[in-house]
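Numbering (this note's numbering), first residue to last: 116 to 244.
Cβ atoms here follow ideal geometry from the backbone N, Cα and C, with glycine treated the same way.
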């Protein structure tokens with residue numbers, strides 16, 4: 116599942132993931148993302164998550180999703196640096212998640228995203244992201 120308010124990023128992520136033979140669900144912000152995740156909870160194996168979005172940002176989405184989907188790994192795609200994210204998001208994130216957060220700084224290369232997704236999904240079956 117890819118949640119990003121930028122059409123180009125959602126489309127790029129979807130293309131990369133579909134090239135990996137993955138089924139992809141898309142959402143344009145955290146509110147829509149929660150709806151899609153709840154509707155497809157048993158199908159989603161990974162969430163790609165932007166931080167800065169209207170209506171509900173990535174941090175708010177992440178905290179809401181922990182209540183019912185902490186078993187799903189999250190990869191943060193952000194224009195913020197990894198150091199900023201570690202200081203302002205990852206350190207105070209809910210620790211009940213079964214998976215550590217991963218981070219990809221925008222702009223990212225298709226290969227970078229592909230490798231991180233493969234790492235996150237290793238050992239999983241028929242993933243939908």
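Member of the options whose CA lies at the smallest distance from the CA of residue i
i: residue 132; options: 179, 220, 161; result: 161
i: residue 170; options: 143, 191, 125; result: 143
i: residue 166; options: 226, 199, 225, 127; result: 199
i: residue 172; options: 145, 180, 122, 150; result: 145
i: residue 202; options: 227, 174, 182; result: 174
i: residue 154; options: 164, 168, 180, 123; result: 180
i: residue 102; options: 126, 231, 225; result: With the chain represented from 116 up to 244, any question about residue 102 goes unanswered, as that position is not in the structure.
i: residue 226; options: 121, 123, 127; result: 127
Chain-order list of residues whose beta-carbon lies under 7 Å from that of residue i (same chain, five-residue window excluded)
i: residue 229; result: 131, 135
i: residue 184; result: 152, 156
i: residue 129; result: 117, 139, 141
i: residue 220; result: 193, 196, 197
CB contact flag (residue i, residue j, <8 Å)
i: residue 137; j: residue 159; result: no
8 Å Cβ shell around residue i - same chain, five flanking residues per side excluded
i: residue 237; result: none
Endpoints, alpha helix (DSSP H) assigned at residue i
i: residue 146; result: 145-154
i: residue 131; result: 122-134
Nonlocal neighbours in the same chain, by C-beta distance under 6 Å from residue i, ignoring five residues either side
i: residue 148; result: 118, 142, 176
Opening and closing residue of the beta strand (DSSP E) in which residue i lies
i: residue 218; result: 217-220
i: residue 163; result: 162-165
i: residue 198; result: Careful: residue 198 lies outside any beta strand (DSSP E), inside the alpha helix (DSSP H) at 197-200.
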